[in-house]
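Protein chains in written order, with our numbering: chain A, 1 to 221; chain B, 222 to 295.
Working notes, beginning with the structure itself.
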Amino acid sequence: MIGVVQFPGSCDERDALAAVQRVGEGRLVWHEETDLSGLDGVVIPGGFSYGDYLRAGAIARFSPAMEAVDRFAAEGGPVLGICNGFQVLCEAGLLPGALLPNVGLRFLCRQVELVAEDFEGSFGSAIESGDRLSIPVKHMSGRYFAPDDQLDALEAGGRIAFRYAAGENPNGSVRDIAGVVNEAGNVLGLMPHPEHAVDPLTGSDDGLSLFRALATQAAPA
Amino acid sequence: MKAKVLIRPKDGILDPQGKAVERALPALGFEGVHDVRVGRLVELETDDPSKLDDLCEKLLANPLIEDFEVELEQ
């Protein structure tokens with residue numbers, strides 16, 4: 001059973017749930033829930049949690065559900081953060097770096113090409129390095145940033161999960177980074193929206209591989 | 222006690238908002254304005270000013286990308 005966290009201001013939780021249900025079972029997790037027992041994985045979906053006041057993701061990290069997600073992740077449970085979910089995970093310190101306003105200062109909504117890196121952990125072993133995925137982005141603050149020394153360490157440690165393909169970087173992300181994992185490799189965050197790429201009818205089903213990777217991971221003990 | 226917290230993008234971090242403001246100024250006849258950086262100001266009242274730095278680091282600012290200054294009003 002995969003839980004999809006729903007904050008006030010989330011807007012992609014139902015698409016994320018629908019994506020989860022193509023590969024397994026899922027349910028929504030309201031932001032006030034603190035008991036994640038029975039869940040094998042968690043999705044932090046896109047949207048504008050708590051209005052994105054102050055900074056995107058800054059308030060959501062203090063929600064009761066995020067405290068539970070923090071414990072879930074520490075026990076090795078797989079967590080997938082998408083767009084606002086990625087911002088929340090960075091603000092919560094579960095993932096390195098921060099997401100800044102797009103370099104062009106415009107809201108972006110378009111299909112992009114991603115290239116999967118050879119990266120650590122349970123997601124990394126489920127996703128083939130070099131795979132190209134066609135997945136949409138839609139965000140205002142998607143410019144990934146971390147200091148150079150931290151980026152060097154992330155690259156050396158196999159922590160970069162996805163990069164925008166050459167010439168496809170839509171938002172000015174440093175080193176074309178679109179997604180990263182935590183040190184243990186069980187928490188993955190990315191700006192593009194795999195839940196909007198799960199059916200060829202809408203242009204691509206390349207996003208399904210991430211939900212399959214999530215669904216096939218074992219439950220934490 | 223009243224306090225003002227000034228939050229600004231760290232040096233070296235590209236601030237596209239500041240750049241956009243800077244580019245708009247000559248069109249209005251304001252020449253010679255450079256290095257515009259846009260931050261934000263948080264005003265608050267607190268019973269315990271000793272906790273302000275901690276509060277800024279944990280919520281009001283993201284220390285990875287922003288610097289902050291606390292100004293207490295006497």
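Glycine included, every Cβ here is placed at the ideal spot set by N, Cα and C.
Remember, it's a predicted structure, so these values are computed and weren't measured experimentally.
Nearest to residue i (by Cα), restricted to the options the options
i: residue 32 of chain A; options: A:115, A:18, A:63 and A:26; result: A:63
i: residue 103 of chain A; options: B:281, B:222, B:229 and B:236; result: B:236
i: residue 125 of chain A; options: A:173, A:147, A:176 and A:214; result: A:214
i: residue 155 of chain A; options: A:212, A:133, A:208 and A:97; result: A:97
i: residue 285 of chain B; options: B:224, B:222, B:233 and B:226; result: B:233
i: residue 28 of chain A; options: A:22, A:37 and A:16; result: A:16
i: residue 240 of chain B; options: B:257, B:226, B:249 and B:224; result: B:257
i: residue 53 of chain A; options: A:106, A:88 and A:205; result: A:88
i: residue 46 of chain A; options: A:200, A:34, A:60 and A:71; result: A:60
i: residue 170 of chain A; options: A:140, A:131, A:181 and A:153; result: A:140
i: residue 157 of chain A; options: A:99, A:190 and A:181; result: A:181
i: residue 4 of chain A; options: A:211, A:217 and A:173; result: A:211
i: residue 223 of chain B; options: B:249, B:238, B:273 and B:287; result: B:273
i: residue 106 of chain A; options: A:81, A:116 and A:137; result: A:137
i: residue 242 of chain B; options: B:231, B:292 and B:255; result: B:255
i: residue 23 of chain A; options: A:8, A:9, A:2 and A:112; result: A:2
i: residue 34 of chain A; options: A:9, A:71, A:196 and A:99; result: A:71
i: residue 108 of chain A; options: A:10, A:191, A:147 and A:30; result: A:191
i: residue 41 of chain A; options: A:188, A:115 and A:206; result: A:188
Residues that DSSP places opposite residue i in a beta bridge
i: residue 111 of chain A; result: A:136
i: residue 254 of chain B; result: Answer is none; residue 254 of chain B lacks a bridge partner.
i: residue 178 of chain A; result: In DSSP, residue 178 of chain A forms no bridge with anything.
i: residue 10 of chain A; result: A:47
i: residue 3 of chain A; result: A:27 and A:42
i: residue 103 of chain A; result: Bridge partners of residue 103 of chain A: none, in fact.
i: residue 190 of chain A; result: A:82 and A:179
i: residue 116 of chain A; result: A:162
i: residue 143 of chain A; result: A:100
i: residue 199 of chain A; result: A:204
Residue span of the beta strand (DSSP E) that contains residue i, given as start and end
i: residue 288 of chain B; result: 287-293
i: residue 26 of chain A; result: 26-30
i: residue 91 of chain A; result: Note, residue 91 of chain A: premise wrong, no beta strand (DSSP E); alpha helix (DSSP H) at 84-91.
Nearest-angstrom Cα separation, counted from residue j out to residue i
i: residue 251 of chain B; j: residue 151 of chain A; result: 39 Å
i: residue 95 of chain A; j: residue 123 of chain A; result: 14 Å
i: residue 263 of chain B; j: residue 76 of chain A; result: 37 Å
i: residue 282 of chain B; j: residue 36 of chain A; result: 30 Å
i: residue 78 of chain A; j: residue 208 of chain A; result: 16 Å
i: residue 69 of chain A; j: residue 269 of chain B; result: 31 Å
i: residue 12 of chain A; j: residue 294 of chain B; result: 43 Å
i: residue 119 of chain A; j: residue 57 of chain A; result: 25 Å
i: residue 19 of chain A; j: residue 259 of chain B; result: 39 Å
i: residue 278 of chain B; j: residue 290 of chain B; result: 11 Å
i: residue 220 of chain A; j: residue 161 of chain A; result: In this prediction, residue 220 of chain A has a pLDDT of 46, which is less than 50 and means its spatial position is unreliable; what the coordinates show is noted afterwards. For residue 220 of chain A and residue 161 of chain A, the distance between alpha carbons rounds to 22 Å.
i: residue 198 of chain A; j: residue 204 of chain A; result: 6 Å
i: residue 193 of chain A; j: residue 217 of chain A; result: 20 Å
i: residue 179 of chain A; j: residue 265 of chain B; result: 36 Å
i: residue 74 of chain A; j: residue 186 of chain A; result: 9 Å
i: residue 93 of chain A; j: residue 43 of chain A; result: 16 Å
i: residue 163 of chain A; j: residue 246 of chain B; result: 36 Å
i: residue 143 of chain A; j: residue 132 of chain A; result: 20 Å
Start-to-end residues for the alpha helix (DSSP H) that takes in residue i
i: residue 14 of chain A; result: 13-23
i: residue 123 of chain A; result: 121-126
i: residue 223 of chain B; result: Unbroken run through residue 223 of chain B is the beta strand (DSSP E), 223-230; no alpha helix (DSSP H).
i: residue 215 of chain A; result: 208-215
i: residue 239 of chain B; result: 237-245
i: residue 156 of chain A; result: 148-156
Any non-hydrogen atom of the ligand FAD closer than 7 Å to residue i Cβ
i: residue 139 of chain A; result: Here there are no bound small molecules, and the ligand FAD is not part of this structure.
Q: Could I get the ranges of all uninterrupted beta strand (DSSP E) runs contained in the segment 35-73 of chain A, with 3 residues as the minimum, in chain order?
A: Unbroken beta strand (DSSP E) runs of no fewer than 3 residues, entirely contained in the segment 35-73 of chain A, are found at 41-44, following chain order.
Q: Could you tell me which uninterrupted beta strand (DSSP E) segments, each at least 3 residues in length, are contained entirely in the segment 260-289 of chain B, listed from first to last along the chain?
A: Listed in chain order, the complete beta strand (DSSP E) runs (minimum 3 residues) inside the segment 260-289 of chain B are 261-266.
**Q.** Interface positions of the segment 231-242 of chain B facing chain E (Cβ-Cβ less than 8 Å), listed along the chain
**A.** The displayed structure is made up of protein chains A and B, and chain E is not among them.
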